[in-house]
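Last residue of the sequence shown: number 347 in the working numbering, and the count goes up by one each step with no gaps.
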Amino acid sequence: MPVTQAGPDRGDGVQFNCTSIPLVLYQSRYREIRADFRGFSPADGQRFATMRAWDSFWESYRMTKTFLLGVGAQKAGTTWLHEFLRHHPDCAIGPIKELHAFPTLSERAENANIHQERLETLTQAIEALTGADAQDRAQANRAFERAMDAVSATMGLPHYLSYFDRVVAQNPNASLTGEITPAYSGLEETRFRRLRDALEARGYRIKVVFLMRDPVDRCYSALRMGVRNTFGTPEAYERARQNFGKSAKADWQEKRTKYDVILPKLERVFPAEDIHYGFYETLFDQSHVDAICDFLGIRRQDANLNAKSNASPKTDNPDPQALRGVAEHYRGAYEYCADRFGDAFIRKIWPYAALLD
């Protein structure tokens, strides 16, 4: 990506114009100049001032790209948000919503299944491309590229970053790229730090988005989605309803629902001003969509507020005892959010909070 600005004075009266110099070479030149000034103090006058000018210029340049890191929560409106941003003119968002590039330590088996499914999809795409006639070749080639991206992005940080290089290259005027994978809410703090450092080294300013939903409601919606994506029979939905009291307390549910654990973890890694918290219950309102746009630094855009993405099928509620037991299990999340965002607000948007009275 070429630099389109001129750098400050080199220190000898000659401006170092870097209009067409690739970023990696510009960064190298910056390091050389930093080394030249090592050991000097403010008393050294012009040379020190020039060093400060380079510091300021480099920092302002390298943080002109924004990376959206959506970390959840599952069943809290993330698919809808992805679709909104994917069609926003200021965004370079790829068609793959959940890259699952960084599995949590406890979910490696699940991620291995995702990787296997993507390899199978890639195999099918190769077969389709090989057998496509001239009329269908363009569509087959796009499917092949998507399948390749889905596989390569999960093969480590270098491939993950290269994926976004390709996405941005297809829309060079975009100011924002990124992805949303709700499972990232369960990532260990050390892995968040490695991801943060890699993205910042690539020149991104990271913006984290985390959407929440009533814990009881979120867990039940996730279970119904699981049934829909597997068996989908009335009997399977009924079993999920009957087992809700136990299933909602599983490890994979906790990693997506214990907001009292997730929010402090995010804030230990990312600056508070670079994290946006939202709520599923208030998301489908233009003012809240505008707030997300403002946070991400993109133009406000009218949203299709009536569209629902990836909605779980409606079924009968679990029995009251199971609902109360799950609410109690996530008491920490309810109380943390009540303290953080206001008790009256949480009680208004999360009806199951009343079960804890």
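Beta carbons are placed, not taken as given, at the ideal position from N, Cα and C, and that holds for glycine.
Scanning 173, 220, 71, 58 for the CA closest to the CA of residue 90 turns up 173. By the criterion of at least three beta-carbon pairs nearer than 8 Å, the region 163 to 179 is not in contact with the region 221 to 235. Buried is the label assigned to residue 313, since at least 16 other Cβ atoms lie within 10 Å of its Cβ. Bounds of the alpha helix (DSSP H) holding residue 234 are 234 to 237.
Residue 56 places its beta carbon 7 Å or farther from that of residue 268. From the listed residues 332, 271, 248, 261, the smallest Cα separation to residue 318 is found for 248.
The closest CA to that of residue 201, considering only 187, 85, 283, 271, is found on 271.
Every unbroken stretch of the alpha helix (DSSP H) spanning 4 or more residues and falling wholly within the region 250 to 293 is given here in chain order: 270 to 273, 276 to 286. Per DSSP, the continuous beta strand (DSSP E) segment holding residue 200 begins and ends at 194 to 202.
Contact between the region 178 to 195 and the region 127 to 144 is absent: fewer than three C-beta pairs spanning the two stretches fall below 8 Å. Under the 8 Å Cβ criterion, the region 242 to 256 counts as touching the region 322 to 340, having at least three qualifying pairs. DSSP links residue 57 through a beta bridge to 167, 196.
With 16 or more other Cβ atoms from the protein chains shown falling within 10 Å of its own Cβ, residue 78 counts as buried.
Restricted to the region 76 to 144, the alpha helix (DSSP H) segments that are unbroken, complete and at least 4 residues in length are 98 to 121, 127 to 142, listed in chain order. Taking C-beta atoms as the reference points, residue 192 and residue 147 fail to come closer than 7 Å.
In this structure, the CA atom of residue 210 is about 25 Å from the CA atom of residue 74.
The three-state secondary structure of residue 223, taken from DSSP, is coil.
Distance from the Cα of residue 82 is smallest, within the candidate group 258, 218, 153, for 153.
The three-state reading of DSSP puts residue 228 in helix, counting H, G and I together.
Spatial neighbours of residue 257 in its own chain (CB-CB distance under 7 Å, excluding positions within 5 residues in sequence) are listed in chain order as 265.
Contact between residue 69 and residue 214 is absent: CB atoms are separated by about 15 Å, not below the 8 Å threshold.
The criterion of a C-beta distance shorter than 7 Å is not satisfied by residue 122 and residue 134.
Assigned with DSSP and collapsed to three states, residue 162 falls in coil, not helix or strand. Where residue 295 is concerned, there is no enclosing alpha helix (DSSP H), because DSSP gives it neither an H nor an E. Around the beta carbon of residue 144, 16 or more other beta carbons sit within 10 angstroms, so the residue counts as buried. In this structure residue 221 is exposed. Its beta-carbon is surrounded by fewer than 16 other beta-carbon atoms within 10 angstroms. The C-beta distance from residue 175 to residue 61 rounds to 5 Å, short enough to fall under 8 Å. For residue 118, the CB contacts under 6 Å within the same chain, skipping 5 residues up- and downstream, are 130 in chain order.
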